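Written out below as structure tokens is the structure these notes cover.
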Amino acid sequence: MKLKRVTVLLSAFLLLSSSVAFAANTQTVKATVSNLKYTLNGKNWTAKTTAKPVVINGTTYLPIGVVKEATKTNITVDSKTGKINIGEKGVKTPFQQVSFNYDYFSNTRNKSYTNIEGKEYKEVLYTKFSAFAHDYSTPDKKYQTLHLDLFAPKETVEVTVFEDLIDDRSLGNISVEPGKVTSLEVNVSDVKKIMISLKNFDNGEHEFVILPTSYYK
Numbered sequence: 001m002k003l004k005r006v007t008v009l010l011s012a013f014l015l016l017s018s019s020v021a022f023a024a025n026t027q028t029v030k031a032t033v034s035n036l037k038y039t040l041n042g043k044n045w046t047a048k049t050t051a052k053p054v055v056i057n058g059t060t061y062l063p064i065g066v067v068k069e070a071t072k073t074n075i076t077v078d079s080k081t082g083k084i085n086i087g088e089k090g091v092k093t094p095f096q097q098v099s100f101n102y103d104y105f106s107n108t109r110n111k112s113y114t115n116i117e118g119k120e121y122k123e124v125l126y127t128k129f130s131a132f133a134h135d136y137s138t139p140d141k142k143y144q145t146l147h148l149d150l151f152a153p154k155e156t157v158e159v160t161v162f163e164d165l166i167d168d169r170s171l172g173n174i175s176v177e178p179g180k181v182t183s184l185e186v187n188v189s190d191v192k193k194i195m196i197s198l199k200n201f202d203n204g205e206h207e208f209v210i211l212p213t214s215y216y217k
């Protein structure tokens, strides 16, 4: 996934976490809290986080939360390994291994739905719905990208991924036509919870499948 390019006007562009370990060494330093203002893509911008930039030995350091929000890039600190991960993780985490609500969806091994495009899957997420359905996943701000492999057995289904259950915060949408696997990839950096929304307002019930090849990264 290409990351959105942004411009943040500051004297320097560096990262700061309140407790970052570089290798195995830590140092106590004196810092001055700065009241610098942000501009994002040429417009005045206010970050959600209340953390402030600090100046250490003449260099300005930004809070990680500010960088994540402004650039839509996931940044996580692993205090055990002393590493900071920026962007996508090196491994894929299966979609269902991340917290999922199962309000409308359930797991099925019914071969009517696990045999897709000539490939047999052990198990898939399946739902049958009228007009609309939705379910929730909680990436908890740990990932950069959500990749969904989707399948509509009989009728076209409109799929939208929303941020934090708020209908006007769409992360991405796609029209899944019947009979073929369709992929949707969205940026979930700094997103705690998502809602996957399905719609088809034609009469009758509609079926839908999320394949086990879906993942977070």
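Those letters in the sequence shown? Residues 1 to 217, per UniProt numbering, in order. For every residue, glycine included, the Cβ atom is placed at its ideal position computed from N, Cα and C. Because the structure is a prediction, the values reported are computed rather than measured.
Residue i, buried or exposed, once every other Cβ within 10 Å from all chains shown has been counted against 16
{"i": "Tyr216", "result": "buried"}
{"i": "Phe201", "result": "exposed"}
{"i": "Thr32", "result": "exposed"}
{"i": "Ala131", "result": "exposed"}
{"i": "Gly65", "result": "buried"}
{"i": "Val188", "result": "buried"}
{"i": "Lys111", "result": "exposed"}
{"i": "Lys192", "result": "exposed"}
{"i": "Thr145", "result": "buried"}
{"i": "Lys68", "result": "buried"}
Rounded distance between the beta-carbons of residue j and residue i, thought under 8 Å
{"i": "Val157", "j": "Gly172", "result": "So it is not a contact: roughly 15 Å between Cβ atoms."}
Residue i versus residue j: straight-line alpha-carbon distance, rounded
{"i": "Asn57", "j": "Ser99", "result": "43 Å"}
{"i": "Glu177", "j": "Lys154", "result": "8 Å"}
{"i": "Gly82", "j": "Asp190", "result": "21 Å"}
{"i": "Gln96", "j": "Lys128", "result": "19 Å"}
{"i": "Ser197", "j": "Lys30", "result": "49 Å"}
{"i": "Glu88", "j": "Lys72", "result": "11 Å"}
{"i": "Ile84", "j": "Leu184", "result": "27 Å"}
{"i": "Glu207", "j": "Thr50", "result": "44 Å"}
{"i": "Glu205", "j": "Tyr143", "result": "34 Å"}
{"i": "Lys180", "j": "Leu211", "result": "12 Å"}
{"i": "Phe22", "j": "Ile116", "result": "Because the pLDDT of Phe22 is 41, which lies under 50, any placement of that residue in the model is unreliable, and the number read from its coordinates should be weighed accordingly. Spanning the two alpha carbons is a distance of roughly 47 Å."}
{"i": "Asn203", "j": "Gly90", "result": "44 Å"}
Residues of its chain near residue i, where Cβ-Cβ distance is below 6 Å and the 5 sequence neighbours each way are ignored
{"i": "Pro53", "result": "Ser34, Leu36, Thr60 and Leu62"}
{"i": "Lys199", "result": "Phe132 and Glu158"}
8 Å Cβ shell around residue i - same chain, five flanking residues per side excluded
{"i": "Thr114", "result": "Thr108, Glu120, Tyr121, Lys122, Glu123 and Val124"}
Own chain residues within Cβ distance below 7 Å of residue i, not counting five before or after
{"i": "Asn101", "result": "Asp135 and Tyr136"}
{"i": "Ile86", "result": "Thr73 and Ile75"}
Hey, which unbroken runs of the beta strand (DSSP E) at 3 residues or more fall wholly within the UniProt domain "Copper amine oxidase-like N-terminal" (18-86)? Counting whole runs of 3 or more residues, the UniProt domain "Copper amine oxidase-like N-terminal" (18-86) contains the beta strand (DSSP E) stretches 38-40, 43-45, 54-56, 59-63, 75-78 and 83-86.
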